[in-house]
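Take a look at the structure below.
2 protein chains.
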Amino acid sequence: ASIMVKEGPAALPSPGTPTALPILKEFLNQREHLNSESDHSHADDDAHLYNMPEYLTGYHSLSEKIQSRIESNDKFFSLEFFPPRTKGGAVNLLARFDRMREGGPLFCDVTWHPAGNPGGDTETSSLTIAGAALNYCGLETMLHMTCCNMTKTEITKHLKRAKDIGIRNILALRGDPPHGAEDWVPPEDGFNYASDLVRHIRKEFGDYFVICVAAYPMGHPEATSYEDDIKYLKEKVDAGANFIITQLFFKAQTFIKFVRDCRAVGINCPIIPGIMPIQSYDSLRHIVKLSKLDVPQDIMDFVAPLKDNDEAIRNYGIHQTCMLIKELFDAEMAPGVHVYTLNREVATTAILKQLGLWAAAPRRPLPWKMAANHKRSGEDVRPIFWASRPKAYVYRTQHWDEFPNGRWGSSESPAFGELKDYYLFYLTSKSSKEQLLAMWGESLESEQDVWDVFHAYVTGTSNKTGKKVTKVPWNDDELSSETSLLKENLADFNKRGVLTINSQPNVNGASSEDPVVGWGMPGGYVYQKAYLEFFTCRENVDALLNILPLFPRINYHILNKSGSADFSNCHKHRPVAVTWGAFPGTEIIQPTIVDPLSFKAWKDEAFGLWEEQWGKLYPEESRSREIIQYITNNYYLVNLVDNDYPKDSCLWDVLESMFAWRKLQEEKSEDQEENNLCICTQ
Amino acid sequence: ASIMVKEGPAALPSPGTPTALPILKEFLNQREHLNSESDHSHADDDAHLYNMPEYLTGYHSLSEKIQSRIESNDKFFSLEFFPPRTKGGAVNLLARFDRMREGGPLFCDVTWHPAGNPGGDTETSSLTIAGAALNYCGLETMLHMTCCNMTKTEITKHLKRAKDIGIRNILALRGDPPHGAEDWVPPEDGFNYASDLVRHIRKEFGDYFVICVAAYPMGHPEATSYEDDIKYLKEKVDAGANFIITQLFFKAQTFIKFVRDCRAVGINCPIIPGIMPIQSYDSLRHIVKLSKLDVPQDIMDFVAPLKDNDEAIRNYGIHQTCMLIKELFDAEMAPGVHVYTLNREVATTAILKQLGLWAAAPRRPLPWKMAANHKRSGEDVRPIFWASRPKAYVYRTQHWDEFPNGRWGSSESPAFGELKDYYLFYLTSKSSKEQLLAMWGESLESEQDVWDVFHAYVTGTSNKTGKKVTKVPWNDDELSSETSLLKENLADFNKRGVLTINSQPNVNGASSEDPVVGWGMPGGYVYQKAYLEFFTCRENVDALLNILPLFPRINYHILNKSGSADFSNCHKHRPVAVTWGAFPGTEIIQPTIVDPLSFKAWKDEAFGLWEEQWGKLYPEESRSREIIQYITNNYYLVNLVDNDYPKDSCLWDVLESMFAWRKLQEEKSEDQEENNLCICTQ
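Just so you know, the sequences run in chain order P and W.
Number 682 marks the last residue of the first sequence (the numbering used here); no jumps.
Number 1364 marks the last residue of the second sequence (the numbering used here); no jumps.
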């Protein structure tokens, strides 16, 4: 379009331009050193999925996540475990899941052994362990499934149960024949080969499951030839598998050649190398047995002389594995690494740290530990009450059809399930009864003894008998660093009978990268309202109800065990935000709220823990037990929110005023019974 | 329970207590003067509904709102209007609705006159005016409905249409017989009496509508007796009416007696007195005619000598009405007052202000003007683009099934309807064509002329011909006080061809009661990300795309009219929060976002306004028109968000860098055509 445009008056001189020019020149010089191709079409965040929390991106399958990591050249690792034999072993394994999750594995998988009732309901079954990893330990989880000794119908049944639990990934194997059966005979109405199993899963479940298959870089021991084995691998992939994990191998070149041979016949999906850390001399023999491979002579030469020095062998194994994987990474032949952990931790963690794959600092997409179940992928807000008990929360809400996203909402929240068995093994304390008695008191003489235990826990000091109190029934771990910010104040009040079980300081626009209070994506600002939750006696509650109107910026809610006493200045159904953050490029995230209805569901759990975890340590009818029961039946659970987060928290003033009010009442009262039920006065 | 509790060691002395005691004593002394009965059961917010925005409380019917005001003794007012005769009258009436809404009426109502096609589709029909008041002016609205000359079927049809539009309240009347009909004969299949109409509405629509009925404190002119008329009123109420509005009256005692007589026969619903301000001598005669009442002699004695001095009469009327109502309020006989405005403003507003009923300062529950349609009661988040055009937004989204609450969400937003007719009368400019030409230029010679108009608008100064520019096609009002904060910077850039149509400053935790940027409930803190939206030429856009990567904290989106050019660094579907607030006792409110999909729907409207409102002022083929068309087809619409709201906004640096980059390019380029299309360079 050619329009004659009359020259207008010179634009006003802009004060900024003379300075802006040299600065801009410098910027532009710098930029020439950067990537010059800037694509301004919509930024494809899909390439950086792993940076974005799932409540923002929506659920992405393991297949998509692997693809994303490949595209951004961000190496990953995965961990394989086997189901333990005992319940104690299961408890330990879950604790191991929690610890190893901190390193940021892309997924974990759980093996399947038909002889061990892998699809059953026991704490030690493959299905239960896989479900716990997914739901209670927040790990993307893959379940192995074998064809051996199962009919199509049985297999479908197990897969349906896996689907119900929320599992989205299956490693499809033929499996090992039962012990002693030399010639494997597939069952009637069963499968001959893993490729049949893959086809069956696709037929019955469509795209619901991501399917992985196994490969043997040196060829399967029972294969007719290496080339035939690769052809068979292609069949498995063509039947519908998404990616491949290999058996272990000893030389980088083995894997490199194998990958090239796969690509040559048209196998194009991701191929992940498997490694098995050498833990000891015996484990080397274990490796040989499991893999049916011959250990290369140079490795045997090094290891044999050290057969009494397991630590040296382990260190050698760590070094050797790192060199191997590093060679694959440098050759750009592997997108990540899959570790056969044999349920052990030390060597695996050391290898991953040396390779630089272990997350430097644990990332917190949200202040609370997220579950990995795809049904919960949009979940980004929870009541604060379960901050120390996320597994209990997941358990009690597992039946919900949908999970709150964005806001908790003001309608009645759906019902919380009950914790059927307080010894639910997911929540079993890692401490023995003896250890708990040592920490909490072999015997209790008074309420003050109970208060002293809380005091010792909060301060991290020893109790009367010199034992460090590292947990309480409401928190199986030591105080978080965030709560430590409040330690001094908490300690004093606990000693005086304000038994705190949950708290957070106020935060006014801290960086989302703050090491103590930060969470979510970088570049944001996080906020918190000061919060305190505690058990205390009736006299204190009476005092509180009198002085709280002097603190209109406080929202409070007070309940007793039965719920017959219910005091609050909150709107019946309105939740109060207590943690939120503002980030670049997104809406406001508000991950934690205080909600009157959920508090009622929580109090049953909180009151119950007195008896279930502490009271039951003592004989029935003992004084110690009576003291715990007395507290359960006569104390109240109180939560306080200080809405004025930019100001210093006034919660301590509230508590001081509470005690001061009681003192005033005593000064007024002339009668004071000798046998006061509660001597929580000064 | 009597448990022997051993006395524990004295609690640690608390450093706070000695100081706390005297302070607490003082507090408690003060408190004794306050209401001693503090009910700590859940605070019943229902008694204070009018303080809480609807997106928090949910929709409450007019009946509930009236009850709530009665319970809290918070007097209210309502306004009655009649449908205008001309389209121009309708435009003026809507502007009057907007202005009078600032005073905080509890509801307004619109009369129904069968002769005027009240249920039709025209701009002037009762139904259209009532719908506009509800949807476009944010007023709780009641529609009159009469029985005269309509069959049951016709009445039901009208009520259904009212329901579709969102109206929830009906004033059920018999109505006046058609002019000249001495004896009223109801139609076949019609209604005799208002009580029949009330019954019919309840039968056909259940509780959907709140129903009001009229009463005559001095008895209906056609009633057999005063007592019979009250009996008949009771029939109407028993048939299902929720409250009563009375005809006007002249003496307080008239109304007081009437209310007592109603209560004596068991009429217990709210009774609201109606008043009609005297505007002039003629209006007094109008009153007599409408009400069929005799004006009391003392009033006639005062007014008659003043019959040539309308202002004196109006002042007398204001005084007289205020005394009347005040007497009713002091006697606690009226919950509020209903004003027959006769579509006029001055006397009504004066009376309500004198009575202290007119809102002191306009409250902003949200930064944007809310609609009153119950279907939108949960709506609390909108894209920022329609900040100056809320009516257009309501129009284009009226068909949505549900409205965003809490979050905008990341799924595809539903489709926006088109603005069928840019002259849609709801959006018709209040200025005439002559006024617009005077402000925007009788003729345009260059793009700079257009830029100068923007500059004059932003600075509030006169244009070339000495005319103050008080509006632009995208904003029918003068700059808001909030935008005035940015005036200097905006002015300079507009002059240079950055044609801003929307902006907001960054705000970091200002009080929610701040007079300029505050909104929502008191005691909260509000936040904003700095935002800028403007039209500009291609050369500037090219420069922007080069320098924006130097400002990673900026989210941007750039579109041309057709959408063929679409540049952004936002995730395709993810909205960005630009306004939010944290308040006591609630979740985070996030009322304004920037959303890529909505921006595409908005740009059609924004680009269209060039031609529809400005271009069309000029003859076809004129240079002025061509310039506007050139801009429409060649300029781009840009929006910028500065995510780092705690820091000073860098948006001006972005624009300076844009111009600096262009200058650099020119210095590099040796060829420069004489006839540059765009001389927006320095």
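Note that the Cβ used here is the ideal one computed from N, Cα and C, for glycine as well.
Could you give the first and the last residue of the continuous beta strand (DSSP E) run that contains residue i?
i, result
"G119(P)", "It is not in any beta strand (DSSP E) - G119(P) carries neither H nor E in the DSSP assignment."
"D229(P)", "Per DSSP, D229(P) belongs to no beta strand (DSSP E); it is in the alpha helix (DSSP H), Y226 to D238."
"L705(P)", "Look at the range of chain P in this structure, 1 to 682, and you will see that residue 705(P) is not part of it."
"T686(P)", "The requested residue 686(P) is not part of the displayed model; chain P covers only 1 to 682."
Note the first and the last residue of the continuous alpha helix (DSSP H) segment covering residue i.
i, result
"D109(P)", "Premise fails: D109(P) lies in the beta strand (DSSP E), F107 to V110, not in any alpha helix (DSSP H)."
"V576(P)", "Element bounds for V576(P): not the alpha helix (DSSP H) but the beta strand (DSSP E), V576 to A582."
"N135(P)", "S126 to N135"
"E533(P)", "Counting along the chain, E533(P) falls outside any alpha helix (DSSP H), though it belongs to the beta strand (DSSP E) covering A530 to T536."
"F567(P)", "Looking at the DSSP string, F567(P) is not in any alpha helix (DSSP H); the run it does join, the beta strand (DSSP E), is D566 to S568."
"T397(P)", "P390 to T397"
"A492(P)", "According to the sequence as given, residue 492(P) is Asp; it is not Ala. Start and end: K487 to K495."
"Q297(P)", "Q297 to V303"
"Y55(P)", "E54 to T57"
Could you check the C-alpha separation between residue i and residue j for me, to the nearest Å?
i, j, result
"L655(P)", "L479(P)", "21 Å"
"W112(P)", "L609(P)", "35 Å"
"C108(P)", "L1319(W)", "48 Å"
"Y737(W)", "N924(W)", "25 Å"
"D46(P)", "I384(P)", "At D46(P), the pLDDT of 36 sits below 50, so the modelled position is not reliable and the matter cannot be decided from this model."
"H40(P)", "N1251(W)", "With a pLDDT of only 42 at H40(P), under the threshold of 50, the placement of this residue in the model should not be trusted, and no figure is reported."
"K549(P)", "M1121(W)", "In the sequence as presented, Lys is not what sits at residue 549(P); that position holds Pro. P549(P) and M1121(W): Cα-Cα distance of roughly 57 Å."
"Q504(P)", "Q297(P)", "59 Å"
"L929(W)", "K974(W)", "Strictly speaking, residue 929(W) in this sequence is Gln, with Leu absent from that position. Whole-angstrom Cα-Cα distance: 10 Å."
Is residue i helix, strand or coil when you go by DSSP?
i, result
"G999(W)", "helix"
"T833(W)", "coil"
"L1126(W)", "coil"
"G1191(W)", "strand"
"L855(W)", "strand"
"I1033(W)", "helix"
"F258(P)", "helix"
"Y340(P)", "strand"
"E80(P)", "strand"
"L437(P)", "helix"
"G1038(W)", "coil"
"G630(P)", "According to the sequence provided, residue 630(P) is Tyr. The question's Gly does not apply to it. Y630(P) falls in the helix class under three-state DSSP."
"G450(P)", "First, the residue type needs correcting, since residue 450(P) is Val and not Gly in the sequence shown. Note: V450(P) maps to helix in three-state DSSP."
"V1208(W)", "strand"
"S1163(W)", "helix"
"G274(P)", "strand"
"L544(P)", "helix"
"S429(P)", "coil"
When DSSP builds the beta bridges, which residues end up paired with residue i?
i, result
"P1065(W)", "I1275(W)"
"A214(P)", "I245(P)"
"V1320(W)", "F1216(W) and I1240(W)"
"V1154(W)", "N1157(W)"
"S754(W)", "According to DSSP, which records beta bridges pairwise, S754(W) is partnered with nothing at all."
"S1144(W)", "K1150(W)"
Let me check you understand the geometry: is the CB of residue i closer than 7 Å to at least one non-hydrogen atom of the ligand MG?
i, result
"V1198(W)", "No copy of the ligand MG occurs in the structure displayed, which carries no ligand at all."
Residues of the region 565-596 of chain P with Cβ closer than 7 Å to any Cβ of chain W, in chain order = F567, S568, N569, C570, H571, K572, R574, P575, V576, A577, W580, A582, P584, G585, T586, E587, I588, Q590 and I593
With 9 Å as the limit, tell me which residues of the region 523-542 of chain P have their beta carbon closer than that to any beta carbon of chain W; keep them in chain order.
-> G523, G524, Y525, Y527 and K529
Mind listing which residues of the region 503-515 of chain P have their C-beta closer than 8 Å to chain W's C-betas, in chain order?
-> N508 and G509
With 9 Å as the limit, tell me which residues of the region 1314-1331 of chain W have their beta carbon closer than that to any beta carbon of chain P; keep them in chain order.
-> N1315, N1316, V1323, N1325, D1326, Y1327 and P1328
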